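This report concerns only the one structure given below.
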Amino acid sequence: MLPFPRKRIRRDRPIIGLTIGDINGIGPEVLLKGMADKRLQRFVIPVIIGPMSALHTHAGTLKLKNLNLHPIRSIEEIDSSLPGKQAGLYVLDQDDDETPAVEFGRPTEASGRTAMKAVDEAIRLSLDESIAGFVTAPISKEAVVRAGYNIPGHTEHIAAKTHSQRYTMMMVAQSLRVGLVTTHHALRDIPERITEEAILEKLDIIDESLQLDFGIDEPRIAVLSLNPHAGDGGVLGREEIEIIQPALQKAAARGLQADGPHAADGFFANRRFNDYDAILAMYHDQGLIPFKALSFNSGINFTAGLPIIRTSPDHGTAYDIAGQGKASPESIRHALYLALDIARRRRAVGVLRARV
């Protein structure tokens, strides 16, 4: 059972956008399942951004009833004074002459274009503060590339659109938070991207985000090694000695509480992550494989360091089960909760946008 607040929520509920994701995957399904909960709508106004026709197709296939989808063409049409059960689930409808039909289980140029159209609108609405933040349903990198977007993923695209030079992917599941020095890169390219400057930048971003977005006054960050067994004193690689340790010394001189390098296997096997507020992994799979094994579909992808708030579920498009009603909405709900918590925390301290 997911937590819901006991106190009456103020009438000015924050508006959180939710991009539709790839319409041929499970994105629309988890959005419809997750956002239709009337209890959730008591304290937030979720707005799905994407074509209404795709949502109707998913709802019909899944035999979802009583959704009360309410199409709008602008955020200004939302009546925030209405309780969720009366207002229904708002959909910022992007249907037009180019909206494709849903083709379950297939990454297509059209589905990639539709997904990114929703993302770009969410970015625009966040930048002009029409919405408090947004959640991105999964996209297909293959479909997005077919549509002409030369990007490795959501994170890099949103950073470019918001002119953000300092950012990092952070995976969150309650007190478990994993940041990455490198993200979507081929494994053979990782070592050359592990530099003192890169490690220090990510530590700075994570430290700032833990304080601003998570309310942790003196965060502790564990830093993982690049090589097995933390390099075994240089026998298995010298990056720990020549790059990671000097970066940690400089971080300490700046007042950051970061230590390591920790050998990743023993660190997670011995549950050392419970002693820290966040973990900095050197590359994608080093951090995300143990994170996903531990988070059990409740994990969230949060982009730290952006001037706007963006979260997403930690799963992909799951084409193999699209349209079958098997997808769990748990992660998308948690992504919404995190976006809402961060929005409230930033508003409480008078910071609507983080430093770029």
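Under numbering that gives the first Met the number 0, the sequence shown has 62 at position 63, and the numbering climbs by one with no breaks. Don't be surprised by glycine CBs; every beta carbon is placed ideally from N, CA and C. From a predicted model like this one, the values you see are computed outputs, not experimental measurements.
Among S52, I22, I15, nearest to M34 - alpha-carbon criterion: I15
Assumed close pair P99, G315 - CB separation to whole angstroms, cut-off 8 angstroms: So it is not a contact: roughly 20 angstroms between Cβ atoms.
C-alpha gap between A252 and I320, whole angstroms: 50 angstroms
Extent of the continuous alpha helix (DSSP H) run through G33: 26 to 34
Nearest candidate by alpha-carbon position, reference L335, set A326, G304, I299, V348: I299
Closest Cα partner of H183 within the set I204, T154, A159, M170: T154
Candidates T161, A268, L211, of which the one nearest A347 by Cα: L211
Every unbroken beta strand (DSSP E) within the region 282 to 324, with a cutoff of 3 residues, ordered by chain: 299 to 303, 309 to 312
C-beta atoms of T60 and G322 nearer than 7 angstroms: yes
Supposed close pair I220, I240 - CB separation, criterion 8 angstroms: Not quite, the Cβ-Cβ distance comes to about 20 angstroms (not below 8 angstroms), so this is no contact.
Backbone secondary structure at I130 - three-state DSSP: coil
Spatially closest choice to E141 from L91, L279, S110, T161, by CA coordinates: S110
Backbone CA spacing between T107 and D21 [nearest angstrom]: 9 angstroms
Those runs of the alpha helix (DSSP H) which lie wholly inside the region 206 to 260 and span at least 4 residues: 244 to 252
R38 versus I307 - alpha carbon distance: 26 angstroms
Enclosing beta strand (DSSP E) for H57 [first to last residue]: Taken as a continuous stretch (DSSP letters only), H57 belongs to no beta strand (DSSP E), being part of the alpha helix (DSSP H) at 51 to 61.
Separation of F103 from G324, as counted between CA atoms: 12 angstroms
Cutoff 7 angstroms; reference L337; Cβ partners in own chain excluding five residues on either side: V171, I299, F301, T310
Proximity below 7 angstroms, CB of L30 to CB of I48: no
Chain B within 7 angstroms of Q285, Cβ atoms only: No chain B appears in this structure, which consists of one protein chain only.
Element boundaries [alpha helix (DSSP H), containing P190]: 189 to 192
Element boundaries [beta strand (DSSP E), containing G265]: No beta strand (DSSP E) holds G265; the alpha helix (DSSP H) holding it covers 263 to 268.
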